[in-house]
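Numbering (our numbering), first residue to last: 33 to 623. Idealized CB from N, CA, C, for every residue including glycine.
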RNA sequence: GGGGCCGUAGCUCAAUUGGUUAGAGUACCGGACUGUCGAUCCGGGGGUUGCGGGUUCAAGUCCCGUCGGCCUCGCCA
């Protein structure tokens, strides 16, 4: 090594030692007779002093050092005495340099990795090599490494094999849009990058590899979000000869190991479970944030005969009126704030947001205060207050609409209010299984049933008969793991007998020929002795994001892409020359 | 595809709500200084206000379009 120590490890015990450090200039202070350099590497910062009286021959060179220059300095570890810097772990010592080698000068950087105020993200992504020098990115990627390492160790102890599956696969048009790769040797034909290793891992089960996992890179050509990148990493798992409980206990163990390994805290197992139905009723979401309460309440019966036309008409039309109680928030939201919330729920299809402040009148009785309170008799007001357990100072919100809209709007509003009202400890990691998802949901536009999870998802045994009679009521053997309001894992027990598989294809309106054409290779494999099997995939990026306490996954990915799926560092995607296109039998039709 | 926020010096921001030569901090350059650690002090350079149109006596500011970044609905089996 070119160095004998790192910039993070020297302490008082090292005083008197001759050491050599390498690193980047994090800051410089030139006092003519002495030049101070804050030298930074992965491990920390150490102050190096270049003193005129000790090494006059390198003084001139030291005075020219600027931020982000790379150097090697050799010198003696000195006690700082009175001049300790409590901000640095190495603050009790410094190096009095006798030798200096400048490996490379840096152009003036567009921003300083050590600075407090971050530049805009566009610049950070363009100069990602500078951004990655920041301590926060180092920490995030270290946690990411820890999650991967713990995962591999855990599955190893459980007898799993890590098996790689192809990146160049066959396009199956279901689900997300594929990223396609043209074939040179098969003119007009394309590979697809995997949306997930789903079909391959099921084939591995048929092949007898009954405990498989993989840290799998996946690709989906869909619009991005804060927690969605076009390429991302799944902890992909599949097991044979198992039922749902085996998956839960296996993943419970992984989750506990991750939290223990990253946070150092233990997690009570088994993780709690909530049915999809209960999650939607109580929280308005299939990925509820369970760090706080503020559950939804149905007041449909209570307000069915009130004088407020909106409520009355919605109930009469088969809709629902649901609400929730923001405890103590009456004075925290002005009329203008609430207008903002009304616009917010509008994004989820709600046509309005009714609100009431709970107040105590002169007599000490509770009543509702709102522009629409006059439409509610005293009996109605008391009933509403009773249902939502209202107390003076509470703020009640209601949405009246189609059932799905009340869930979507109130679920989103609850999530937002929980954050704004700081109803939880932001460091908490709260996990729960959501189970008993519906197998299919009705697609209004296409006038058919769509698979909620995917077409190979098995069904709760007692619901099999319902496939033909009442498909919307069929519960799937699928499950999600939600963490702090994020879908952090999703999986299912798969269908392994062809009768059930055919029944599901029939339900989805997929003719046998079409199923054969699309994933016949999986169906054929299942005909050669398929064990009962099931699995799950965890979103590794999201888990790391949650462990870091960030609100987007770009900050836990070394080289992320922008919302338009561009890499601002490399310039991908880019045009290619016509020769490459010709080799691939591709013609550019945009010109 | 839709909605919203943003774009001014290398960077972070300001600019009287349409009005004189677009400012500050920081970074950068030069100088002073032997104990700083957000060093300090003196001096200096640095602008196509993302881009293109339009309105106006006058546009960083208003309007239209466009590019880019972020958030989001749809989408993501």
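Asked: When 157, 552, 52, 93 are compared against residue 109, the one with the closest alpha-carbon; Found: 52
Asked: Residue ranges of each alpha helix (DSSP H) within the stretch 546-611, 4 or longer; Found: 572-580
Asked: Limits of the beta strand (DSSP E) - the one that residue 199 falls within; Found: Run containing residue 199: none; DSSP gives neither H nor E here.
Asked: Exposure label - residue 517; buried when at least 16 CB within 10 Å; Found: buried
Asked: Continuous beta strand (DSSP E) assignments of at least 3 residues falling wholly in the stretch 355-390; Found: none
Asked: Pair within 9 Å by beta-carbon distance, residue 434 and residue 332; Found: no
Asked: Residues near residue 644 by beta carbon distance below 7 Å, same chain, minus five either side; Found: Any question about residue 644 goes unanswered here, given that the chain covers just 33 to 623.
Asked: Which residues DSSP lists as bridging residue 111, in chain order; Found: 125
Asked: Through-space distance from residue 616 to residue 217, alpha-carbon basis; Found: 8 Å
Asked: Range of the contiguous beta strand (DSSP E) that encloses residue 271; Found: 263-272
Asked: Sub-9 Å separation of residue 329 and residue 377 beta-carbons; Found: no
Asked: Residue range of the alpha helix (DSSP H) that includes residue 438; Found: 435-452
Asked: Unbroken beta strand (DSSP E) run spanning residue 222, endpoints; Found: 222-224
Asked: Cβ pair count under 8 Å reaching 3, the stretch 595-603 against the stretch 184-203; Found: no
Asked: Identified DSSP bridge partners for residue 340; Found: BP columns for residue 340 are empty, so no partner.
Asked: Where residue 613 sits in the DSSP three-state scheme; Found: helix
Asked: Cut-off 7 Å between Cβ atoms - residues of its own chain near residue 583, not counting five sequence neighbours on either side; Found: 258
Asked: Span separating the alpha-carbon of residue 345 from that of residue 313; Found: 21 Å
Asked: First and last residue of the uninterrupted beta strand (DSSP E) at residue 401; Found: 398-401
Asked: Between the CA atoms of residue 415 and residue 192 - distance to the nearest angstrom; Found: 56 Å
Asked: Residue 299: CB within 8 Å of a non-hydrogen atom of the ligand NAD; Found: No copy of the ligand NAD appears in this structure; indeed no ligand is present at all.
Asked: Within the stretch 275-309, ranges of the beta strand (DSSP E) (whole runs, at least 3 residues); Found: 305-307
Asked: One or two residues paired with residue 536 in a DSSP bridge; Found: Paired residue(s): none; residue 536 is not in a bridge.
Asked: DSSP state of residue 315 mapped onto helix, strand, coil; Found: helix
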